[in-house]
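Start counting the sequence shown at 1478; every next residue gets the next number (the numbering used here).
Every residue, glycine too, gets a C-beta built ideally from N, C-alpha and C.
The structure displayed is predicted, hence computed values, not measured ones.
Read through the structure below, which is laid out as structure tokens, and then see the notes.
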Amino acid sequence: MNGTQLTFNSFTLSFPYILSLSLTLSLKNPFIKFSLKLLQFQFHHLKSPLPFKSVLLSIKIAMAFPINKGESSSSFTHQCRYDVFVSFGGKDTRNNFTNILRGILNHHGINIFLDDEHLRSKKILDKLFEAIESSRISIIILSENYAFSTWCLKELVKILECEKKGQVVLPIFYMVDPSEVRNQKGKFGEALTEHETKFKDKMEVQKWRMALHEASNIGGWHCTKDRPQYTVIKEVFEEIISRVKLNYTKIFDVKYPVGIDSRVEDINCLLDIDSNDVRMVVIHGLPGIGKTTIAKAIYDLIAYRFEGSSFLENVRENSRTNDGKCRLREALYFEILGGGTLKELGAIKRINMRMEMPQHKRILIILDDVDKLIQVTDLLGECYCFASGSRIIITTRDEKVLSTLQEDYHLTYCNYRLEELDEHESRELFCQHAFKENKPKKGYSEVVDLFLSYAEGLPLALKIIGSDLYPRDDIRFWRSALDKYKRILNPNILEVLKISYDGLDRTQQDIFLVIASFLKGLRKDVVEHILESCYSYGSYCDIEILKDKSLIFVDKDGKLLMHDTTNG
């Protein structure tokens, strides 16, 4: 569990802390619009009735199983306010099974509706029916005393009506055999007999009998004492993963995702999504290194876990004009704050207002390709107040431009330098584009190594050059192309690199060209001395800016170098 250990036999946490965790996981009710398609849960009866013991288990479960966001493909989902409605008998499961279930679902951002048996009335029943109708999924926890509750039976009838309209219904047979429910044996038989004695309306009771029989024939899960609860929970979350991402629109679309997983895993560790602090991760690196690609992969992986999320691409480019700034703010307004009227959007345009982030919603914001601090403050506002657990990810070529954010935003700040692909990754990515397979064709290994040496692990160069060479089956053509790349840079690569160059002032551009042409490979202190003789002021600050923008770097021997593609 990555260093997080919870002991259930002894309680070392203080009661107030445990209680606060219980309230956080059990009472929080976020409104994230995605569906849960299947749920399965199983565990042994807990001897202690204290709900916070169940919450501790739910914390362990929630931390162990990240899932991907999605929505049911059913037409029924278009009118849904809730992801899940749970029908259960409070006496049997409220302080253990249902409490854990609620804690897990809430912790993972799923909008769940549970009724309160202490507040039941005719008016409340109407609200319950409305909640059932506006839920994507209904879970029926059929436990020993479920049928003794007429409320539960009425809910069951309504749920089965909604199933005929397309709602997903998932029964869980909690410590009872499905045959007992189907044939109304044991406690179920006793309950129905008791209802027939009390109620004059025999047709109502007959409806309940038919509903129980129908529910018992729906595919579900049989919870017993014989299987380890952790194993069953793992199966549940794996099933959820496969079900909930049906309609979720992915923004990560890479044909050959070489080297993505390990880097996403590194950044995910920095994000530490289960912690309650507000955290910012700045991803920086060379132009063409794949910052946007990695950010999109992370967004698809974790966006479902937040109550609001937004991925804003090309922030630098869109921030050049007032219209572009307005479009960025509008995107945030709809995606983070949950939409708005044309009048409200007009107000944003007219007064160029800065929004304040919602302090009650756990949100994820990714700002892609930022090169000035004001671009961040324009979008995130100046109050810098975010709800606990919120995450901000920023991609930039210049890590130093955002160095003041840590103090200004009062958050945990992490830097992640995106490194070049290693030799194995570079070869695989290049060959996927050049040969449409993972390794070089026979007779091409040597020339492939030359291209890998030229590209130096830069994904953009590997993709573009590999695609340029496909499907050329001529070794002379390949060697000639390599000579040309060394003299004349591919225009697609040049366009990406030029963005960083254009962001320099005139002196910095001159220094960059001088280094590229004459001083590459010399020690940094020697380069500084030479440049000082050419300019009337010290060149240290300009060299540092070139480093910050990933246009040059200093190796372990103190030599000032630049990427071969940059020096093309």
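Look up PHE1520 in the DSSP assignment and say whether it is helix, strand or coil. The residue given as residue 1520 occupies position 43 in the sequence shown. Note on PHE1520: pLDDT 35, under 50, position unreliable in the model; the coordinate value appears next. In the structure shown, PHE1520 sits in coil (DSSP, three-state: anything other than H, G, I, E or B).
Can you list, in chain order, the residues of its chain with a C-beta nearer than 6 Å to that of ILE1840? Leave out the 5 residues immediately preceding and following it. Position 363 of the sequence shown, counted from the first residue, corresponds to residue 1840. Excluding positions up to five away in sequence, the list reads PHE1783, GLY1785, ILE1813 and SER1867.
Can you give me the C-alpha to C-alpha distance between THR1770 and PHE1665, rounded to a whole angstrom? What you label residue 1770 is simply residue 293 of the sequence shown in a count that begins at 1. What you label residue 1665 is simply residue 188 of the sequence shown in a count that begins at 1. Taking the straight line from one Cα to the other gives about 55 Å.
VAL1646 classed as buried or exposed, judged by whether at least 16 other C-beta atoms fall within 10 angstroms: The residue you call residue 1646 lines up with position 169 of the sequence shown. When all chains shown are included, VAL1646 counts as buried.
In or out: ASP1846 buried (at least 16 other Cβ within 10 Å) or exposed? Along the sequence shown, one-based indexing puts residue 1846 at 369. That one is buried.
Since SER1865 and ASN1753 should fall inside the 8 Å C-beta cutoff, what is the C-beta to C-beta distance between them, to a whole number of angstroms? Your numbering for residue 1865 matches position 388 in the sequence shown. Your numbering for residue 1753 matches position 276 in the sequence shown. With a Cβ gap of about 4 Å, SER1865 and ASN1753 count as contacting.
With the cut-off set at 9 Å, would you say GLU1972 and VAL1735 are in Cβ contact? Counting from one through the sequence shown, the residue named residue 1972 turns up at place 495. Counting from one through the sequence shown, the residue named residue 1735 turns up at place 258. Their beta carbons are not under 9 Å apart, which means GLU1972 does not touch VAL1735 by this criterion.
Is the region 1616-1624 touching the region 1561-1571, taking contact as three or more C-beta pairs under 8 Å? yes
Does the Cβ of GLY2035 have 16 or more other Cβ atoms within 10 Å, making it buried, or fewer, making it exposed? Position 558 of the sequence shown holds residue 2035. Per the 10 Å Cβ criterion, exposed.
Does DSSP put VAL1741 in a helix, a strand or coil? On the sequence shown, residue 1741 is found 264 positions in, with the first residue counted as 1. Correct three-state label for VAL1741: helix.
Distance, Cα to Cα, ASP2025 vs ARG1956? Position 548 of the sequence shown, counted from the first residue, corresponds to residue 2025. Position 479 of the sequence shown, counted from the first residue, corresponds to residue 1956. Rounded to the nearest angstrom, the two C-alpha atoms are 34 Å apart.
Give every residue of the same chain whose Cβ lies closer than 8 Å to the Cβ of LEU1850, excluding the five residues on either side of it in the sequence, and list them in chain order. Within the sequence shown, numbered from 1, the residue matching residue 1850 stands at position 373. Answer for LEU1850: VAL1878, LEU1879, THR1881 and LEU1882, listed in chain order.
Enumerate, from N- to C-terminal direction, the unbroken beta strand (DSSP E) stretches of 3 or more residues contained entirely within the region 1656-1698. none
Which same chain residues, not among the five before or five after TYR1559, have their C-beta less than 8 Å away from its C-beta? Here residue 1559 is taken as the residue at index 82 of the sequence shown, counted from 1. The answer, listed in chain order, is ASN1588, ILE1589, PHE1590, ALA1608, SER1611, SER1612 and ARG1613.
Taking the alpha-carbon positions, what's the LEU1633 to TYR1781 distance? In the sequence shown, residue 1633 corresponds to position 156, counting from 1. In the sequence shown, residue 1781 corresponds to position 304, counting from 1. Each residue's Cα considered, the two are about 29 Å apart.
Hey, which unbroken runs of the alpha helix (DSSP H) at 4 residues or more fall wholly within the region 1923-1992? 1936-1946, 1952-1964, 1968-1979 and 1983-1991
Residue nearest to LEU2008 in terms of C-alpha spacing, selected from GLY1998, LEU1809, LEU2023 and ILE1992: Mapped onto the sequence shown, residue 2008 falls at position 531. The candidate whose alpha carbon is nearest that of LEU2008 is ILE1992.
Going by the DSSP bridge assignment, what does PHE1788 pair with across the sheet? Reading the sequence shown from its first residue, position 311 is the one you call residue 1788. Bridge partners of PHE1788: ILE1843.
Span of the beta strand (DSSP E) holding ILE1649? Translated into positions along the sequence shown, residue 1649 becomes position 172. 1645-1651 is the span of the beta strand (DSSP E), which, as asked, contains ILE1649.
Take the Cβ of ASP2019 as the centre, count every other Cβ of all protein chains shown within 10 Å, and call the residue buried at 16 or more, exposed below. Indexing the sequence shown from 1 puts residue 2019 at position 542. Answer is buried; the Cβ neighbour count reaches 16.
Span of the alpha helix (DSSP H) around TYR1886: Position 409 of the sequence shown, counted from the first residue, corresponds to residue 1886. Looking at the DSSP string, the run of the alpha helix (DSSP H) that includes TYR1886 is 1882-1886.
Expressed to the nearest angstrom, what Euclidean distance is found between the alpha-carbon atoms of ILE1618 and ASP1703? Here the question's residue 1618 lines up with position 141 in the sequence shown. Here the question's residue 1703 lines up with position 226 in the sequence shown. Roughly 18 Å between the two C-alpha positions.
Name the two residues that bound the continuous beta strand (DSSP E) containing HIS1761. Position 284 of the sequence shown, counted from the first residue, corresponds to residue 1761. Looking at the DSSP string, the run of the beta strand (DSSP E) that includes HIS1761 is 1756-1761.
Compare the C-alpha of ILE2022 against each of SER1994, LYS1631, ASP1899 and SER1977 and name the closest. Position 545 of the sequence shown holds residue 2022. When each option's Cα is compared against that of ILE2022, the closest is SER1977.
Give the range of the beta strand (DSSP E) segment to which TYR2017 is assigned. In the sequence shown, counting from the first residue as 1, residue 2017 sits at position 540. Segment 2017-2025 is the alpha helix (DSSP H) holding TYR2017; no beta strand (DSSP E) there.
Using DSSP with H/G/I as helix, E/B as strand and the rest coil, what is TYR1559? Here residue 1559 corresponds to residue number 82 of the sequence shown, with the count starting at 1. Strand, per DSSP.
For LEU1513, which of helix, strand or coil comes out of DSSP? Here residue 1513 is taken as the residue at index 36 of the sequence shown, counted from 1. Confidence in LEU1513 is poor, its pLDDT being 31 and thus under 50, which makes the residue's placement unreliable; the coordinate value appears in the next sentence. The answer is coil: DSSP assigns LEU1513 none of H, G, I, E or B.
Kindly confirm or deny that the region 1636-1645 and the region 1665-1681 touch, where touching means at least three C-beta pairs closer than 8 Å. no
Drop a sphere of 10 angstroms on the beta-carbon of CYS1700, count the other beta-carbons inside from all chains shown, and report buried for 16 or more, exposed for fewer. As a working note, residue 1700 is residue 223 in the sequence shown. So CYS1700 counts as buried.
Excluding five sequence neighbours on each side, which residues of the same chain lie with their C-beta closer than 7 Å to the C-beta of ARG1894? Here residue 1894 refers to the residue found at position 417 of the sequence shown. Cβ neighbours of ARG1894 beyond the five flanking positions: HIS1761 and GLY1762.
Which residues bound the alpha helix (DSSP H) around THR1770? Residue mapping note: residue 1770 aligns to position 293 of the sequence shown, counting from 1. Taken as a continuous stretch (DSSP letters only), the alpha helix (DSSP H) holding THR1770 covers 1768-1779.
Counted within 10 angstroms of its Cβ, other Cβ atoms place ILE1870 as buried (16 or more) or exposed: Along the sequence shown, one-based indexing puts residue 1870 at 393. Burial call: buried.
In three-state terms, what does DSSP make of ARG1571? Locating residue 1571 in the sequence shown gives position 94, where the first residue counts as 1. Residue state, collapsed to three classes: coil.
How close, in whole Å, do the beta carbons of ILE1942 and PHE1928 come, if the pair is a contact with beta carbons under 8 Å? Locating residue 1942 in the sequence shown gives position 465, where the first residue counts as 1. Locating residue 1928 in the sequence shown gives position 451, where the first residue counts as 1. Yes, they are in contact, since the Cβ atoms of ILE1942 and PHE1928 sit about 6 Å apart, within 8 Å.
Take the Cβ of HIS1672 as the centre, count every other Cβ of all protein chains shown within 10 Å, and call the residue buried at 16 or more, exposed below. Working through the sequence shown from its first residue, we reach residue 1672 at position 195. Looking at its Cβ environment, which holds 16 or more other Cβ atoms inside 10 Å, HIS1672 is buried.
Using beta-carbon positions only, say whether LEU2038 and GLY1998 come within less than 9 Å of one another. Reading the sequence shown from its first residue, position 561 is the one you call residue 2038. Reading the sequence shown from its first residue, position 521 is the one you call residue 1998. In this structure, GLY1998 lies closer than 9 Å to LEU2038 by Cβ.
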